[in-house]
Structures are given as C-alpha cells and as structure tokens.
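Each residue of the sequence shown is one higher than the one before, counting from -8 in my numbering.
Reviewing the structure listed below.
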Amino acid sequence: VMPYILEALDRAGAAFHIEPRYPFWDKRLVEFCLALPGEQKIRHGWTRMVMRRALGGTLPPEVQWRGGKSNLGYNFDRSLLAFEQSRMEEVIVRDPTSIEEYVDVNALREAHRRFVSQRLSNEGDVHAIWNAVTLSLWLQRTKLGVR
C-alpha cells in the first residue's frame, strides 16, 4: 500500500506545485530503526521510544508524550459527502457495473444509504464506500489505458 500512497501524494503535491518530502523513509533511518532491539521501540507501553527520547527538550512534553493522534474521520466523512456525492451515486447507485464482480453491490448500497442518511453509519461503511469508488476509478483508468 505504501508505494501507492506515496505515488498518490506525489501527484497531489504536483497539482499544487509542492514537492513532498518523506524524512521517515530515508534509507539510513529505516535501516537504523530495523536494527534497533524491541525494547528501544516500545517501552512500558510507549511506542516510538527512540524518537520520544531524542526530541526531549526540543518538543514540549505534552507533544513528546502524547498518546495518539486526532481522529480525522469526521472531516473525511464530511468531505466525502460534500465533494464526492455525485461520484458515489454514480458508482454505487446508478451504474455499479465496473465493480459488481468484486463487491456485494446490495451490501454496498445499504452502506451507502446508511452513510448518506447519517443514521447507523459506521467506519466500515465509509471504508467500503471509499474502497468501492476508488476501485471503480482505478478500473476505469486501467481500461482506458490512462496512467
């Protein structure tokens, strides 16, 4: 998945004339991290121990020792509804022929109905919808020979 994500991020950056950087994918850093013993990676339930220790005195302690990241799911859901509603309708409701051999269209339509009505929708519904629309777009581009 990572090569695809990095490729997508590169394309998105290029669209806005931004050159993305991936400092955590530096070969030397990856090799260093892979060579670390386990207790240097996770200690007393804390992940990323080497980085947390290295950034002591540089980061405020509340950032250095925070336990997790924000949940961006709400913004993703809202943006999907606001900007991709017509694409979801096209792929899932009006013409699912490009994906019907890969997904259970009836279950996908139920997930879509729950998501759009915002009743009893869950993270699994959103992922199923996103994956189906992405698959449809990929299949369309592949069939057209677009890269």
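Backbone N, C-alpha and C define an ideal beta-carbon position, used for all residues, glycine too.
Check residue i in the structure and name its three-state DSSP category.
i       : result
Leu50   : strand
Gln109  : coil
Ser89   : coil
Val140  : In the structure as shown, the chain begins at -8 and stops at 138. Residue 140 is therefore absent and cannot be evaluated.
Ser61   : coil
Pro(-6) : helix
Trp129  : helix
His118  : helix
Asp68   : helix
Glu81   : helix
Glu101  : helix
Val94   : coil
Ignore the nearest five residues each way along the sequence and tell me which others in residue i's own chain have a CB closer than 6 angstroms to its CB.
i     : result
Val82 : Val124, Ser127
Val21 : none
Pro87 : Val96
Gln76 : none
Going by DSSP, name the residue or residues bridged to residue i.
i     : result
Arg34 : Trp37
Keeping to the same chain, check which residues put their C-beta closer than 7 angstroms to that of residue i; ignore five residues upstream and five downstream.
i      : result
Gln31  : Met40, Val41
Asp1   : Pro11
Ala119 : Leu99, Ala102
Ser89  : Ser127, Leu130, Gln131
Val94  : Ala123
Glu114 : Gly64
Gly48  : none
Arg78  : Val124
Return the chain-ordered list of same chain residues with a C-beta closer than 8 angstroms to the C-beta of residue i, the five sequence neighbours on each side being excluded.
i     : result
Ile33 : Met40
Trp37 : Arg43, Trp56
If residue i sits next to residue j, beta carbons under 8 angstroms apart, how far is it from one beta carbon to the other, in whole angstroms?
i      : j     : result
Tyr13  : Leu27 : Going by Cβ atoms, the distance from Tyr13 to Leu27 rounds to 20 angstroms, so no, they are not a contact pair.
Trp121 : Leu71 : 7 angstroms
*For the region -4 to 26, list the alpha helix (DSSP H) runs that are entirely contained and at least 4 residues long, ordered along the chain.*
Here the runs fully enclosed are 18 to 26.
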